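Worksheet: one structure, shown below.
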Amino acid sequence: MPVGLVTGKQTILLVVRETRKIHIMGISLKELGQFLVYGSERVTRETNKWLTRDYTKNKVAQAIKQINPNKALSIDGLSGNFFKHYWEIVGNDTVSFCLDVLNGNKNISNLNETMIILIPKIRDPCELTNFRLISLYRFVYKIISKVYTNRLKAALLSCISQNQSTFLPGRMIHDSILIAHELFHYLQSSNNGSNKGIVVKLDMNKAYDRVEWNFIETIMKKMRFDGKWINKIMDCVCSVKYTVKCNNI
1 MPVGLVTGKQ TILLVVRETR KIHIMGISLK ELGQFLVYGS ERVTRETNKW
51 LTRDYTKNKV AQAIKQINPN KALSIDGLSG NFFKHYWEIV GNDTVSFCLD
101 VLNGNKNISN LNETMIILIP KIRDPCELTN FRLISLYRFV YKIISKVYTN
151 RLKAALLSCI SQNQSTFLPG RMIHDSILIA HELFHYLQSS NNGSNKGIVV
201 KLDMNKAYDR VEWNFIETIM KKMRFDGKWI NKIMDCVCSV KYTVKCNNI
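First residue of the sequence shown? That's 1 in full-length UniProt numbering, and the numbers climb one at a time after it.
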C-alpha cells in the first residue's frame with residue numbers, strides 16, 4: 001500500500017477498512033508490519049552481499065573520524081577526546097575489538113550499556129515529560145554503530161520511499177511542511193469536486209520513541225534484508241541494558 005496522499009474511492013475505502021481493522025482487533029505492531037511494506041523485494045541480492053561483507057580497519061578508522069569527540073562522556077567516563085589524545089596507546093586494541101564485534105567474533109552485549117541522565121526542565125518536575133533525557137553509552141559502541149550506519153546507507157535509497165523527505169542526503173524535512181500545506185489547500189478547495197482524498201494524522205511520539213523491537217525485525221524481513229544483517233541490528237537493539245540517574249542517584 002503506497003505511502004502518501006491517498007486518492008480514488010476504492011483506495012480510500014481500503015485504507016479506512018484496514019485502519020478500522022487495526023483499532024477493532026487490537027492488531028500488534030509485528031502483524032502491522034506484514035502489510036505496511038508494499039511491494040515485494042526492496043533489498044537486492046547485491047546489496048545484501050555488500051551489507052554482510054567482512055569489515056576492515058579502514059572502515060573503523062573512517063567511522064572514528066566522523067564521530068564528534070566533544071560529545072558527552074560515555075558511561076565509563078571516557079570521551080572521544082580521550083581516545084583521540086591517547087590513540088597511540090589504545091588505538092590498536094580499540095580497532096581490533098571493534099573488528100571482532102563487527103565480524104561476529106565477539107558479542108556486542110558486553111558493551112551495550114546505556115545510562116539515562118534525567119535533567120529537570122522545570123523547578124518541580126512531577127512527570128517524565130518534565131525531564132530532558134540524555135543517553136550516555138560507551139565510545140566503542142558509538143564506533144561500531146557508526147560503521148553499521150555507514151554500510152546501511154547503501155540500502156537506504158531502496159528502503160525509503162521517494163516521498164520520505166528526511167534521513168537521506170539531499171532531502172530536507174522542510175519539504176514536508178510545504179507539501180502538507182499544498183495538500184490541505186487542495187482538500188479544502190471547492191474547485192476539485194468529488195475528487196478528494198483523506199489525511200491520516202500520525203502520533204509522531206509513538207512513531208519515533210515507542211517502536212517495538214519485533215516490529216523492526218518484521219519490517220527488515222519483509223524488505224528482504226539478509227538474516228545475518230538482521231541479527232547484527234537486532235543484537236544492537238535487544239541486548240541493551242539501561243540504568244537511570246537523577247540528582248546524582
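Even glycine gets a Cβ: it sits at the ideal position worked out from N, Cα and C. Here the structure is a predicted model, which means the values were calculated and not measured.
Taking all protein chains shown into account, do 16 or more other C-beta atoms lie within 10 angstroms of the C-beta of residue i, making it buried, or fewer, making it exposed?
i, result
"V200", "exposed"
"residue 255", "For the chain, the structure presents residues 1 to 249; residue 255 sits outside this window and is missing."
"I198", "exposed"
"F83", "buried"
"W87", "exposed"
"V101", "buried"
"V211", "exposed"
Identify, in the order they occur along the chain, each residue of the same chain with its Cβ nearer than 8 Å to the Cβ of residue i, setting aside the five sequence neighbours on each side.
i, result
"residue 259", "What is shown of the chain runs 1 to 249, which leaves residue 259 out entirely."
Report the residue from the options whose alpha carbon sits nearest the alpha carbon of residue i.
i, options, result
"W213", "Q188, V240, M223", "V240"
"I179", "Q188, N163, G170", "N163"
"R224", "A63, S158, N150", "S158"
"D235", "N112, F97, S79", "N112"
"G77", "K221, F215, L168, Y137", "Y137"
"Q62", "M220, S79, C98, E46", "C98"
"L152", "K121, D226, E182, N68", "D226"
"P169", "A154, D124, E182, T129", "A154"
"T47", "S109, I233, C238, W229", "W229"
"A72", "S135, M220, V211", "S135"
"residue 261", "Y55, T129, R42", "Any answer about residue 261 is impossible in this case: the structure gives the chain only from 1 up to 249."
Below 6 Å CB to CB, which residues in the same chain sit around residue i once its five sequence neighbours on both sides are set aside?
i, result
"I24", "Note that I24 scores 38 on pLDDT, short of 50, meaning its location in the model is unreliable and no value can be drawn from it."
"I27", "The predicted position of I27 is uncertain, since its pLDDT is 48 and thus under 50; no value can be drawn from it."
"T243", "M115"
So who's on the other strand from residue i, going by DSSP bridges?
i, result
"Y242", "T114"
"R132", "I119"
"Y137", "T114"
Within a Cβ cutoff of 7 Å, which residues of the same chain sit near residue i, ignoring the five residues on either side of it in sequence?
i, result
"M172", "S165"
"I64", "I143"
"S40", "For S40, the predicted model reports a pLDDT of 49, less than 50, meaning its position is unreliable; a value from the coordinates is still stated below. Cβ within range, chain order: n/a, list empty."
"Y141", "L111, N112"
"K221", "I230"
Three CB pairs or more closer than 8 Å across the stretch 92–101 and the stretch 168–183: When C-beta atoms of the stretch 92–101 are compared with those of the stretch 168–183, fewer than three pairs fall below 8 Å, so the two segments do not count as touching.
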